[in-house]
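Take the sequence shown: its letters are residues -29 to -1, 1 to 572, numbered as in mature numbering (1 follows the signal peptide of the UniProt record, and there is no 0). Single-structure report; data block below.
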Amino acid sequence: MRARRRVVRLAAALVVHAVVLLPASRAPARAPAEPRVVTVATTGTVDSLSPFLAQRVLPTSTHRLIYDFLTNYSAADSTPIGGMATSWTTSPDKLTWTFTIRSGMTWSDGRPATARDIAWTYRLLMTNADAATANGNFVANFREVTAPDEATLVIRLATPQATMLALDIPIVPEHVWRAREAEIGTFHNDTALPVVSNGPFVLTGYRRDQYVELSANERYWRGRPKFDKVVFRMYRDLDGAVTALRKGEVDFVSGLTGAQFDALAGERGITRNKAQGKGFYALNINPGATTTDGRRFGDGHPALRDRRVRQAILHAIDTQVIVRKVLDGHAEVGSGYLPPIFPANDWTPDPATTYGHDPARANQLLDDAGYRRGADGVRRAADGRPLTLRLAGMTRRAADAPNATYVSEWLAAVGVRVTTSVVEEGALADLVASGNYDLVFDSWLTNPDPDYVLYIQTCRTRPTAPGQPFPGANFMCDAEYDALYARQLAEYDRTARSELIKAMQRRLYQDAYVNVLYYPNVLEAYRGDAIASMLKQPQPNGMYSNQDGYWSWWSAVPATSRPVSKGPPVAVLLGVAVAVAAVVLVVVVVLRRRATAGDRE
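This is how it looks when you write it as structure tokens:
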């Protein structure tokens, strides 16, 4: 009996101590706050985290958040505003630009950020071919860049250049990158963390195909972001990302399909946003892969060198059906190369030349090109070779697979046999670089200044050697288009430049190398219990997931409703108390059973 009483007293004491472990009402005030983290789901991948090499959306968006630029884009209407530069002047001949650089800026390691860093970055792109991989087009016309002092940047041009307030080049710290200059073509900026930068965030964590972690930059000149961390968590597909949003494992998802967006309507705690898109979705046609010096390679179908065949393919496709059935109406039917969200450069073909769904016209064009139907309904060239084309897409673009099915059916109806393959992003990039394809789906986001997406269709963006990656996807080379590109780049008058840009779009449309099927709306959703508010761009009906700036995540305000745990979670401590109580109960029951048995004996 004495032993049993001692065990009961010991168990009771354990229960008391377990309960004491539970946090008192004033305990949280003494515990440090957990970091305020916003987690963004993405199906994007990283080709490189180097601002000199990266071309995919996820890393280039990351660079907008961690590096500052000479100028920026307004959140209100995407017009140019100051960035590292506060003001600028031009010489009468428009060939010399002088920028006044903001004083008091620092890199995340505390070193001053000055005009000399900007000049060094630009000169590196001008002199190092590897460094110019991603953004070299912006400095191709630069004759000289100098920094007379820490607050002044002077750029001298060979010819006038209309993109001087839209130089989308991340500025890097000279004192860090000078040591990397010799290896600039192979260094991916993902090993020495945290990465020294001067944007609102700092790159502090990265694991390939898993996540990119950014932490608030305490030294940012515009002010510290309100979230301590932004984590981009990578998912293989959007279904996984939406499931994570519903569970509260992530706080924000963009690029939703129409079905996913509609299914989230009315869900508790989730806010949706539908914005007019800044990108286009296209079908690119390979007219024959060539290098910059004209060498042919790859095995693209020779029929596609004939403009009539390319135009026939477009007349066979019903873009209205794609928008209605694949995108559930969340897109605008395509026409011009640039999306209509930028009205100054919006171009629409006249009805007489529009590629509407017209199978009869497609059949006539194919007949005229010499491809006649055989007994099996498949068209053949004069040598008897069937007109069979290969269409490729990417797994991470949800629309590619259903679009491939529709396109192959429509082309079969006019006698063109199509085989389809939807592969991973890296495999698709390799396929395009090899030139071993015929048709490929492609998508691009455009900046407020369209120079870069216009540039990727010029002759000089073709690879210098077979198999090398290049920014385009159709090996287009047209002298008239290139001449128009040069003229628009040198035109400072906005109205006159817009007319030249529209003429470029007309040329692209008529030649049918790159064929814009639609402009997708941007469909987004976020958890209101994590994010109270953030800025859209442009306002008021723009998007949060904006690749032209840092406004959304810099301005994002954490929701106060999200519980922030202080110290060990209460649920864990309650579990400990319950477990101890259970042990006490078992001990007491066992002892009682033993006592009862002894009494009977």
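Backbone N, C-alpha and C define an ideal beta-carbon position, used for all residues, glycine too. Please read all numbers here as calculations on a predicted model, not as lab measurements.
Is the beta carbon of A346 less than 8 Å from the beta carbon of V297? Residue mapping note: residue 346 aligns to position 375 of the sequence shown, counting from 1. Residue mapping note: residue 297 aligns to position 326 of the sequence shown, counting from 1. In this structure, V297 does not lie closer than 8 Å to A346 by Cβ.
Would you give the residue range spanned by the beta strand (DSSP E) that W415 belongs to? What you label residue 415 is simply residue 444 of the sequence shown in a count that begins at 1. The continuous beta strand (DSSP E) containing W415 extends over residues L410 to L416.
Continuous beta strand (DSSP E) stretch holding P119: start and end: Numbered from its first residue, the sequence shown carries residue 119 at position 148. For P119, the enclosing beta strand (DSSP E) has its first and last residue at F113 to D120.
Span separating the alpha-carbon of L275 from that of L254: Residue mapping note: residue 275 aligns to position 304 of the sequence shown, counting from 1. Residue mapping note: residue 254 aligns to position 283 of the sequence shown, counting from 1. Cα-Cα distance, rounded: 13 Å.
Per DSSP, what kind of secondary structure is Y342 in: helix, strand or coil? As a first step, residue 342 must be located in the sequence shown, where it is residue number 371. Y342 falls in the coil class under three-state DSSP.
Just verifying my parser: in three-state terms, what is the DSSP assignment at Q132? By 1-based counting over the sequence shown, the position of residue 132 is 161. Per DSSP, reduced to three states, the secondary structure at Q132 is coil, with no helix or strand assignment.
Quick one: what does DSSP say V558 is sitting in, helix, strand or coil? Locating residue 558 in the sequence shown gives position 587, where the first residue counts as 1. Here the model assigns V558 a pLDDT of 34, short of 50, so the residue's position is not dependable, and the following value carries that caveat. The three-state secondary structure of V558, taken from DSSP, is helix.
Using the three-state DSSP reduction, which class does Y182 fall into: helix, strand or coil? As a working mapping, residue 182 is identified with position 211 in the sequence shown. Strand, per DSSP.
State buried or exposed for Y423, treating a residue as buried only when at least 16 other CB atoms are found within 10 Å of its CB. In the sequence shown, counting from the first residue as 1, residue 423 sits at position 452. Under a 10 Å Cβ-count criterion, Y423 is classified as buried, with 16 or more other Cβ atoms of the shown protein chains found around its own Cβ.
Q518 (DSSP reduced to helix, strand or coil): By one-based count along the sequence shown, residue 518 stands at place 547. It is coil, neither helix nor strand.
For Q508, list the residues DSSP reports as bridge partners. As a position in the sequence shown, residue 508 is number 537, starting the count at 1. Bridge partners of Q508: M514.
Within 8 Å, strictly: CB atoms of V294 and A302: Within the sequence shown, numbered from 1, the residue matching residue 294 stands at position 323. Within the sequence shown, numbered from 1, the residue matching residue 302 stands at position 331. A distance below 8 Å separates the beta carbons of V294 and A302.
In chain order, what are the residue ranges of uninterrupted alpha helix (DSSP H) at least 4 long that sit wholly in the segment 249 to 307? Correct list: 278 to 287.
The alpha helix (DSSP H) that contains W381, what's its start and end? Within the sequence shown, numbered from 1, the residue matching residue 381 stands at position 410. In this chain, the alpha helix (DSSP H) harbouring W381 covers D371 to A384.
I want to know whether the segment 390 to 402 touches the segment 447 to 456 - three or more CB-CB distances under 8 Å. Per the Cβ contact rule, the segment 390 to 402 is not in contact with the segment 447 to 456 (fewer than 3 Cβ pairs under 8 Å).
Starting from the N-terminal side, write out each stretch of the alpha helix (DSSP H) that is 4 residues or longer and does not extend beyond the segment 45 to 116. List check, alpha helix (DSSP H) in window: 86 to 98.
Bridge partners - V8, DSSP secondary structure assignment: Your numbering for residue 8 matches position 37 in the sequence shown. According to DSSP, V8 bridges with K200.
Cα separation between S526 and Y252? Sequence index remark: in the sequence shown, residue 526 carries index 555 (1-based). Sequence index remark: in the sequence shown, residue 252 carries index 281 (1-based). C-alpha separation (whole angstroms): 30 Å.
In the DSSP output, what is E396 paired with across the bridge? On the sequence shown, position 425 is the one that residue 396 refers to. BP columns for E396 are empty, so no partner.
On a CA-only basis, which of P144, G237 and T98 is nearest I37? Give me that one, please. As a position in the sequence shown, residue 37 is number 66, starting the count at 1. Here the closest residue by C-alpha is P144.
When P314, D80, R351 and A333 are compared against residue 618, the one with the closest alpha-carbon: The first residue shown for the chain is -29 and the last is 572, placing residue 618 beyond what the model contains.
My output table needs one value for R350: the three-state DSSP class, helix, strand or coil. Numbered from 1 along the sequence shown, position 379 holds the residue referred to as residue 350. DSSP places R350 within a strand segment (E or B) once states are collapsed to three.
Select from E380, T98 and N316 the residue whose C-alpha is nearest the C-alpha of R114. The sequence position of residue 114 within the sequence shown is 143, counting from 1. That would be T98, whose Cα lies nearest to the Cα of R114.
Are the segment 13 to 33 and the segment 98 to 110 in contact at 8 Å, needing three or more beta carbon pairs? Counting Cβ pairs under 8 Å, three or more are found: they touch.
Name the residue from V17, L41, S45 and T42 whose alpha carbon lies nearest to the alpha carbon of S32. Position 61 of the sequence shown, counted from the first residue, corresponds to residue 32. Per the C-alpha coordinates, the member of V17, L41, S45 and T42 positioned closest to S32 is V17.
Nonlocal neighbours in the same chain, by C-beta distance under 6 Å from residue 573, ignoring five residues either side: What the structure shows of the chain is the stretch from -29 to 572, and residue 573 is not part of that stretch, so it cannot be assessed.
By how many angstroms is the C-alpha of G513 removed from the C-alpha of N492? Position 521 of the sequence shown holds residue 492. Position 542 of the sequence shown holds residue 513. It is roughly 10 Å from the alpha-carbon of N492 to the alpha-carbon of G513.
Keeping to the same chain, check which residues put their C-beta closer than 7 Å to that of D329; ignore five residues upstream and five downstream. Against the sequence shown, residue 329 aligns to sequence position 358. Around D329: H286.
L425, enclosing alpha helix (DSSP H) - first and last residue: Translated into positions along the sequence shown, residue 425 becomes position 454. It spans D422 to Y426 - the alpha helix (DSSP H) in which L425 sits, taken as one unbroken run.
Among residues of its own chain, excluding the 5 on either side of P442, which ones have a beta-carbon nearer than 6 Å to its beta-carbon? Position 471 of the sequence shown, counting from 1, holds the residue named residue 442. Here the set comprises I427 and T432.
Run through DSSP, which three-state label would V493 get? Numbered from its first residue, the sequence shown carries residue 493 at position 522. Residue state, collapsed to three classes: strand.
Please name the residue in Y490, V403 and T60 whose C-alpha comes closest to that of T261. In the sequence shown, the residue the question calls residue 261 occupies position 290. Scanning Y490, V403 and T60 for the CA closest to the CA of T261 turns up V403.
Would you call R498 buried or exposed, if buried means 16 or more other Cβ atoms sit within 10 Å of its Cβ? The sequence position of residue 498 within the sequence shown is 527, counting from 1. Here R498 is buried: its Cβ has 16 or more other Cβ atoms, across all protein chains shown, within 10 Å.
Whole angstroms are fine: how far does the CA of A4 sit from the CA of A550? Along the sequence shown, one-based indexing puts residue 550 at 579. Along the sequence shown, one-based indexing puts residue 4 at 33. Because the pLDDT at A550 is just 42, under 50, the model does not fix this residue reliably, and the value given afterwards should be weighed accordingly. Cα to Cα, the separation comes out at about 28 Å.
Sub-8 Å separation of L336 and A283 beta-carbons: Numbered from its first residue, the sequence shown carries residue 336 at position 365. Numbered from its first residue, the sequence shown carries residue 283 at position 312. Going by C-beta atoms, L336 is nearer than 8 Å to A283.
I'd like to know whether the C-beta atoms of G520 and N43 end up nearer to each other than 8 Å. Walking along the sequence shown from the start, residue 520 turns up at place 549. Walking along the sequence shown from the start, residue 43 turns up at place 72. In contact: G520 and N43 (Cβ atoms closer than 8 Å).
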